[in-house]
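Here's the structure, in structure tokens; my notes come after.
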Amino acid sequence: MLKVDNLNLFYGGIHALRDISIEVEQGQIVTLIGANGAGKTSTLRAISGLEPIKSGEVTFKNEPLSKVPANKIVSKGLSHVPEGRRVFANLTVMENLELGAYLRKDKKGIKDDYEMVFDKFPRLKERMKQAAGTLSGGEQQMLAIGRALMVRPELLLMDEPSMGLAPIVVQGIFSIIQEINKSGTTVLLVEQNAHMALSIAHKAYVLETGSITMEGNPKDLLNDDSIRSAYLGE
């Protein structure tokens, strides 16, 4: 479904991504783990067209994306939940969700999807008319995911969904990610909480200073001594 081939990305003179190659098959949860500054967010931003790549190719459903502008990429069925939530603080919960559906014209489908989001996140329904900036961190994360789901994406890119959230909230968010995946949406998940990410993924990549250093079955990586010591605090 998604193929990233020998991707290179620079910030000025800094070589941020070095020959990154990853593959995401339809129906999977694929996770990219790594330390702060490893290049995880840059990889997602390159895929969704938010950062210009120097060389390499991103292909989604057999179509090259490298020359496609970010706003057109969304219409192809790819949605991005950014790091730090990035909800529109001055707009209400409902207005944020409406913005997620701005490309769509199917009124009944949009209405059904509002209900789907409220079904997954009942707390958002209770706060429909509340300004997004007044929500808790966990509620803002739910809203960011809900807004991305309003695109009705085939592939959901998720950047650090657990960041800054209490452990009990993190459990709930990860359950929702699994639920979204089971209902047919493929997920590429970037996450610092390596244990949680590896526990729900079908496939995993380890990113270190802009390069992929390991890939494979998440259960194998969970049992790998170097991964346990570097990312699981063991």
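Reminder that position 200 of the sequence shown reads as 200 in the UniProt record's numbering, one-by-one numbering, no gaps.
Glycine residues also receive a C-beta, built at the ideal position from the N, C-alpha and C atoms.
- For MET196, the uninterrupted alpha helix (DSSP H) run begins and ends at 194 to 200, by DSSP.
- When the five nearest sequence neighbours on each side are left out, the beta carbons in the same chain lying within less than 7 Å of the beta carbon of GLN130 are those of THR92 and VAL93, in order along the chain.
- At a Cβ-Cβ threshold of 8 Å, GLY77 and GLU154 count as neighbours.
- If only complete runs of 4 or more residues are kept, the stretch 28 to 76 shows the alpha helix (DSSP H) at 40 to 47 and 70 to 75, in order along the chain.
- Residue state for VAL87 is assigned as coil, using DSSP reduced to three classes.
- DSSP places TYR114 in the helix class (H, G or I) of the three-state scheme.
- Judged by pairs of C-beta atoms under 8 Å, the stretch 184 to 201 touches the stretch 30 to 47, as three or more such pairs exist.
- Judged by DSSP in its simplified three-state form, MET158 adopts strand.
- Looking at the backbone, the Cα of SER199 and that of GLU98 are separated by about 33 Å.
- Taking the C-beta atoms as reference points, ALA16 is found nearer than 8 Å to GLY210.
- Residue pairing by DSSP puts GLY216 in a beta bridge opposite ALA204.
- Restricting attention to ASP225, TYR11, GLN26 and GLU57, the CA atom closest to the CA of LYS182 is found in GLN26.
- Remark: fewer than three beta-carbon pairs, one from each stretch, lie closer than 8 Å, so the stretch 160 to 171 and the stretch 45 to 65 are not flagged as touching.
- Shortest Cα-Cα distance from ALA148 to any of SER226, ILE177, GLY56 and ARG228 involves ILE177.
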